[in-house]
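For the record, in the sequence shown the residue sitting at position 82 is 210 according to the working numbering, with numbers rising by one throughout.
All residues carry an ideal CB built from backbone N, CA and C; glycine is no exception.
No experiment lies behind these values; they were computed from the predicted model shown.
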Amino acid sequence: MPQIVPILDPADPRIADYRDIRERDLVGRRGLFVAEGRVVLNVLVTSPRCTPVSLLVAEHRLPTLDDILDRLGDAVPVYAAAQPVLDAIAGFPLHRGLLALGRRTDTPEADALLAGLPADDDVLLLSAIANHDNMGGLFRNAAAFGVGAVLLDADCCDPLYRKAIRVSVGAALRVPYAVLPRDIDALALLERHGFAPLALSPAGAQELADLAPPPRAAVILGAEGPGLSPALLARTTSVRIDMEAGFDSLNVATTGGIVLHHLAAARRARNAIAHPAL
129 MPQIVPILDP ADPRIADYRD IRERDLVGRR GLFVAEGRVV LNVLVTSPRC TPVSLLVAEH
189 RLPTLDDILD RLGDAVPVYA AAQPVLDAIA GFPLHRGLLA LGRRTDTPEA DALLAGLPAD
249 DDVLLLSAIA NHDNMGGLFR NAAAFGVGAV LLDADCCDPL YRKAIRVSVG AALRVPYAVL
309 PRDIDALALL ERHGFAPLAL SPAGAQELAD LAPPPRAAVI LGAEGPGLSP ALLARTTSVR
369 IDMEAGFDSL NVATTGGIVL HHLAAARRAR NAIAHPAL
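Structure representation (structure tokens):
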């Protein structure tokens with residue numbers, strides 16, 4: 129059980145990395161990130177890809193945190209403050225009353241990450257996803273449907289931004305990911321590792337319901353509005369989700385969830401045929 133360190137002054141230098149959270153969300157934290165709430169913290173303390181650096185909690189929450197504190201051990205400091213002090217530190221009312229600083233310890237390059245995946249894993253490739261809600265939703269979908277890894281191009285936002293982690297319910301700390309260099313040919317990388325690229329577009333040549341999923345798929349999603357470039361679409365199997373006449377657009381995280389469910393269901397069906405129950 130870690131030692132509890134009382135914090136009485138919002139200006140205490142020991143909690144400087146927690147101060148003015150929203151402003152620091154914008155300027156970065158020197159490789160650290162903030163996790164918020166019990167669900168996300170549970171992922172943080174068990175994830176092999178990240179490690180907790182410290183906790184800052186409302187003192188009235190301490191009696192409810194024994195299970196988490198037991199897993200932290202003695203090396204991670206736990207700072208406790210009265211709710212008004214906690215709110216002053218954060219810069220806004222912190223209703224959840226529970227924050228943690230974490231550090232990502234798993235930072236693979238894309239080539240090594242893909243090479244280490246099981247032979248039947250699918251991946252996500254995200255292009256210019258700049259909205260943190262969408263990023264969090266996509267990681268949540270990736271975890272829910274067993275995606276092996278997420279690749280982010282250089283124009284994507286940080287999946288370890290506090291809001292993205294929260295929306296992902298901690299999946300951003302669990303699902304392996306890599307950031308691609310700006311000059312890399314992402315499609316050549318995927319094809320070298322045996323992934324068939326499926327690019328989602330309202331004008332896709334094939335309807336998702338008719339798609340027979342490849343053994344290993346890379347689902348490619350672009351930003352809402354501009355979508356994926358014509359040059360990229362021309363080099364892939366382009367897929368659409370048919371909708372009512374006059375409407376052709378879904379939220380990108382919703383789109384991702386539908387496509388990943390389709391692939392996961394098809395894989396289960398293939399496995400059932402290949403390995404029928406005795």
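- According to DSSP, P325 shares a beta bridge with A346.
- Here A277 is near V251, since their CB atoms are less than 8 Å apart.
- Taking C-beta atoms as the reference points, N269 and G374 fail to come closer than 8 Å.
- Look at the segment 226 to 271 and you find these whole runs of beta strand (DSSP E), each 3 residues long or longer: 226 to 232 and 251 to 255.
- When C-alpha distances from V303 are compared across I149, C178 and L160, the shortest belongs to C178.
- Non-local beta-carbon contacts of R224 in its own chain, meaning distances under 7 Å to residues more than five positions away in sequence, involve E164 and G165 in chain order.
- Secondary structure note for V185: it is in no alpha helix (DSSP H), and the uninterrupted beta strand (DSSP E) holding it is C178 to A186.
- Listed in chain order, the non-local C-beta contacts of N262 below 6 Å within the same chain comprise V380 and A381, local neighbours out to five positions each way being set aside.
- Taking all protein chains in view, the Cβ of H389 is surrounded by fewer than 16 other Cβ atoms within 10 Å, so the residue is classified as exposed.
- If you check the CB distance, V367 and A337 do not come in under 8 Å.
- Around the beta-carbon of T383, 16 or more other beta-carbon atoms lie within 10 Å, marking it buried.
- Counting the other CB atoms within 10 Å of its CB gives N399 a total below 16, which places it among the exposed residues.
- In this structure, A208 sits away from P130, with a CB-CB distance that is not shorter than 8 Å.
- Scanning its chain for C-beta atoms nearer than 7 Å, with the 5 sequence neighbours on each side dropped, one finds around A333 the residues S366, in chain order.
- In the three-state scheme derived from DSSP, where H, G and I count as helix and E and B as strand, R363 is classed as coil.
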